[in-house]
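The structure under discussion appears below in the form of structure tokens.
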Amino acid sequence: DAKTTQPTSMDCAEGRAANLPCNHSTISGNEYVYWYRQIHSQGPQYIIHGLKNNETNEMASLIITEDRKSSTLILPHATLRDTAVYYCIVRVKRGANSKLTFGKGITLSVRP
Amino acid sequence: EAQVTQNPRYLITVTGKKLTVTCSQNMNHEYMSWYRQDPGLGLRQIYYSMNVEVTDKGDVPEGYKVSRKEKRNFPLILESPSPNQTSLYFCASSLSVDLHTEAFFGQGTRLTVV
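This is the structure:
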């Protein structure tokens with residue numbers, strides 16, 4: 006399965022942009038990059054996903070490098086409620102299954 | 424509101440007493456799955472279902488059963504729970520198994536087996 010590598014933690018000031026990096030150098034051509042976040046022990050919350058083009062929605066932007074080996078999730082104006090563990094995931098299809106493999110994620114702390 | 428609903432949210436039980444954790448989605452999704460989350464191990468897939476009456480094992484299926492008699496429901500059954508099944512469980516659903524369809528997760532069930 007394509008593996009992702011993220012820093013363990015980072016912090017940013019409230020109101021500033023939070024840029025969360027992710028490496029996925031073994032990603033295959035048809036595999037998507039997904040970002041989820043988990044606040045405390047709540048259910049993981051979908052943020053955004055992409056294949057090769059940059060994507061933006063009401064929550065965040067996803068920038069994928071041209072070679073697709075890395076990506077960056079951007080929270081444009083972080084708030085205290087964005088403090089969470091953020092998971093970068095490559096969704097892989099194996100036969101009839103397409104599971105999400107969650108790693109350790111990156112803990113984002115937003116400070117006042 | 425589109426959602427995945429799990430019940431119960433918290434459960435303490437004794438070894439060997441059969442239990443069922445229910446999962447229901449209101450989005451007409453075909454693909455559903457169960458994960459367990461343990462410290463240091465992340466989320467691991469237990470079982471998945473591509474559609475009604477179609478289920479298969481994930482990465483850690485031992486000690487669990489599932490059924491998919493209706494599209495909206497995907498219960499997780501522990502026939503004889505053991506302490507090593509103490510964990511945080513999540514149900515997830517997505518429109519299909521296709522890679523571009525996002526998965527939505529329930530709020531979790533914290534199970535303790537004593």
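Sequence order for the protein chains is A and B.
Taking the working numbering, the leading residue of the first sequence gets 6, the next gets one more, and so forth.
Taking the working numbering, the leading residue of the second sequence gets 424, the next gets one more, and so forth.
Yeah, the Cβ is synthetic: ideal placement off N, Cα and C, and Gly gets one too.
Pairwise C-alpha distance: residue j and residue i
i: Lys104 (chain A); j: Gln468 (chain B); result: 7 Å
i: Leu56 (chain A); j: Pro484 (chain B); result: 30 Å
i: Ser510 (chain B); j: His45 (chain A); result: 15 Å
i: Glu63 (chain A); j: Leu522 (chain B); result: 21 Å
i: Ala101 (chain A); j: Val520 (chain B); result: 7 Å
i: Ala22 (chain A); j: Ser76 (chain A); result: 16 Å
i: Ile435 (chain B); j: Asn35 (chain A); result: 42 Å
i: Gln43 (chain A); j: Lys441 (chain B); result: 29 Å
i: Leu25 (chain A); j: Thr438 (chain B); result: 42 Å
i: Thr84 (chain A); j: Ser14 (chain A); result: 17 Å
i: His54 (chain A); j: Tyr39 (chain A); result: 4 Å
i: Gly481 (chain B); j: Tyr454 (chain B); result: 13 Å
i: Asp87 (chain A); j: Ser114 (chain A); result: 8 Å
i: Pro431 (chain B); j: Val444 (chain B); result: 7 Å
i: Ser66 (chain A); j: His82 (chain A); result: 11 Å
i: Leu534 (chain B); j: Gln50 (chain A); result: 21 Å
i: Tyr41 (chain A); j: Gly529 (chain B); result: 13 Å
Those residues which DSSP pairs with residue i across a bridge
i: Tyr487 (chain B); result: Answer by DSSP bridge pairing: none, since Tyr487 (chain B) is not bridged.
i: Thr436 (chain B); result: B:Val536
i: Met455 (chain B); result: B:Ser472, B:Ser516
i: Asp479 (chain B); result: B:Tyr471
Any non-hydrogen atom of the ligand NAD within 6 Å of residue i CB
i: Asn507 (chain B); result: For the structure depicted, the ligand NAD is absent and the ligand set is empty, with no information on it obtainable.
Pair within 7 Å by beta-carbon distance, residue i and residue j
i: Gly463 (chain B); j: Gly48 (chain A); result: no
i: Arg96 (chain A); j: Tyr37 (chain A); result: yes
i: Gln460 (chain B); j: Cys446 (chain B); result: no
i: Ile32 (chain A); j: Arg73 (chain A); result: yes
i: Val427 (chain B); j: Phe497 (chain B); result: no
i: Ser472 (chain B); j: Arg491 (chain B); result: yes
i: Tyr91 (chain A); j: Ile68 (chain A); result: no
i: His29 (chain A); j: Thr9 (chain A); result: yes
i: Thr478 (chain B); j: Tyr470 (chain B); result: yes
i: Cys27 (chain A); j: Cys93 (chain A); result: yes
Simplified DSSP state of residue i, which is helix, strand or coil
i: Arg495 (chain B); result: coil
i: Asp72 (chain A); result: coil
i: Asn35 (chain A); result: coil
i: Asp521 (chain B); result: coil
i: Asn449 (chain B); result: coil
i: Arg116 (chain A); result: strand
i: Leu501 (chain B); result: strand
i: Leu80 (chain A); result: strand
i: Asn540 (chain B); result: Since the displayed chain B opens at 424 and closes at 537, residue 540 (chain B) lies outside it and no answer follows.
i: Arg42 (chain A); result: strand
Partners in chain D for residue i, counting only beta-carbon separations shorter than 8 Å
i: Leu511 (chain B); result: The chain inventory of the structure shown lacks chain D, comprising the protein chains A and B.
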